[in-house]
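For reference, the structure is listed below as structure tokens.
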Amino acid sequence: MTRHRHRPMLRALLLSGALAAAPLLAACSDDNKDPAAPATPDNTVMLTMPSTTAQVPDPDDQVSDAAAKQLCDMMRPDIDKWRTEGAALGRVAFNGTVHNWAARNGGLNDTVLKDRGVIDKITTQHCPDVRQQALEVLDTSDLAGALAGFGG
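Numbered by mature numbering (1 follows the signal peptide of the UniProt record, and there is no 0), the letters in the sequence shown go through residues -26 to -1, 1 to 126 in order.
Take a look at the structure:
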């Protein structure tokens, strides 16, 4: 008697499996004699790519005074956080600040990629006090050296 204790449960599982499989099998059987539609339709897609000879403007000409001020304004409140986190984590946060600033200002990431020193130029001209504090907190001789992910 104990051998067949699980038989009702097994039957219920088999019955529910059969009920679940029935719609799938019915969906696969089609008496329609029309040919099947091709998996990939005959559509043509045309892509146009921008010219690869586009020039990146000179960073000094591209970064507006308003954008430079915004970088200083974004860095200023973060310096105490960077000090608390230490130089290594502070550099990671500094990178995030620069990426965020560049994205907010019309994709200046390309400008920073071309010349990481542009961050030093901006901060030297627009907020030398913030730059000096950042150099001390991030333990670096220039802000370009503290940037990662912006090329070399």
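The beta-carbon is built from N, C-alpha and C at its ideal position, and this holds for glycine as well.
Check your understanding: Tell me which same chain residues have a C-beta within less than 6 Å of the C-beta of Ala42, skipping the five on either side of it?
Key -> Position 68 of the sequence shown, counted from the start, is the residue given in the question as residue 42. The answer, listed in chain order, is Ile96 and His100.
Point to revise | 8 Å Cβ shell around Val37 - same chain, five flanking residues per side excluded | key: The residue labelled residue 37 in the question sits at position 63 within the sequence shown. Once the five neighbours on either side are set aside, the close Cβ partners of Val37 are Asn79, Leu82, Thr85, Val92 and Ile96.
Exercise for review: State the start and end residues of the unbroken alpha helix (DSSP H) segment that holds Pro102.
Suggested key: One-based indexing of the sequence shown puts residue 102 at position 128. For Pro102, the enclosing alpha helix (DSSP H) begins and ends at Pro102 to Leu112.
Practice item. Sort Glu59, Arg(-20) and Leu45 by Cα distance to Val104 and report the nearest one. Key: As a first step, residue 104 is located in the sequence shown; it is residue number 130 there, counting from the start. Checked all of Glu59, Arg(-20) and Leu45; the closest Cα to Val104 is Leu45.
Review point. Which two residues bound the contiguous alpha helix (DSSP H) that contains Leu82?
Key: Along the sequence shown, read from residue 1 onward, the residue named residue 82 stands at position 108. Leu82 -> no alpha helix (DSSP H), and no H or E assigned at all.
**Study point:** Where the alpha helix (DSSP H) containing Gly119 begins and where it ends
**Key:** Against the sequence shown, residue 119 aligns to sequence position 145. Per DSSP, Gly119 belongs to the alpha helix (DSSP H) from Leu117 to Ala120.
Practice item. Identify, in the order they occur along the chain, each residue of the same chain with its Cβ nearer than 7 Å to the Cβ of Thr71, setting aside the five sequence neighbours on each side. Key: Residue numbering aside, residue 71 sits at position 97 when the sequence shown is read from its first letter. Excluding positions up to five away in sequence, the list reads Met48, Met49 and Asp52.
Review point. Excluding the five sequence neighbours on either side, which residues of its own chain have a C-beta within less than 7 Å of the C-beta of Ala120, listed in chain order?
Key: Within the sequence shown, the letter at position 146 stands for residue 120. Only Arg65, Phe68, Leu112 and Thr114 meet the Cβ criterion.
Check your understanding: Under a three-way DSSP split, which group does Arg50 fall into?
Key -> Taking the sequence shown and counting its residues from 1, one reaches residue 50 at position 76. Per DSSP, reduced to three states, the secondary structure at Arg50 is helical.
Practice item. Sort Ala40, Ser(-11), Glu59 and Pro(-19) by Cα distance to Trp75 and report the nearest one. Key: Within the sequence shown, numbered from 1, the residue matching residue 75 stands at position 101. Nearest of Ala40, Ser(-11), Glu59 and Pro(-19) to Trp75, Cα basis: Ala40.
Check your understanding: For Ala108, does the count of other Cβ atoms within 10 angstroms reach 16, so buried, or fall short, so exposed?
Key -> Numbered from 1 along the sequence shown, position 134 holds the residue referred to as residue 108. It is buried - the Cβ of Ala108 has at least 16 other Cβ atoms within 10 Å.
Practice item. Output yes or no for whether 9 Å exceeds the beta carbon distance between Phe77 and Asp94. Key: Numbered from its first residue, the sequence shown carries residue 77 at position 103. Numbered from its first residue, the sequence shown carries residue 94 at position 120. Looking at the sequence provided, one finds Ala at residue 77 rather than Phe. For Ala77 and Asp94, no; Cβs fall outside 9 Å.
Check your understanding: In this structure, does DSSP put Asp89 in helix, strand or coil?
Key -> Within the sequence shown, residue 89 is the residue found at index 115, counting from 1. Here Asp89 carries a coil assignment [DSSP, helix/strand/coil].
Practice item. For Ala122, I'd like the list of residues in its chain whose CB is within less than 6 Å of its CB, leaving aside the five on either flank, ordered along the chain. Key: Counted from its first residue, the sequence shown places residue 122 at position 148. For Ala122, where only same-chain residues beyond five positions count, the Cβ hits under 6 Å are Asn69.
Check your understanding: Hey, out of Gln106, Asp89 and Glu110, whose CA is closest to Ala62's CA?
Key -> As a position in the sequence shown, residue 62 is number 88, starting the count at 1. Among Gln106, Asp89 and Glu110, the Cα nearest to that of Ala62 belongs to Glu110.
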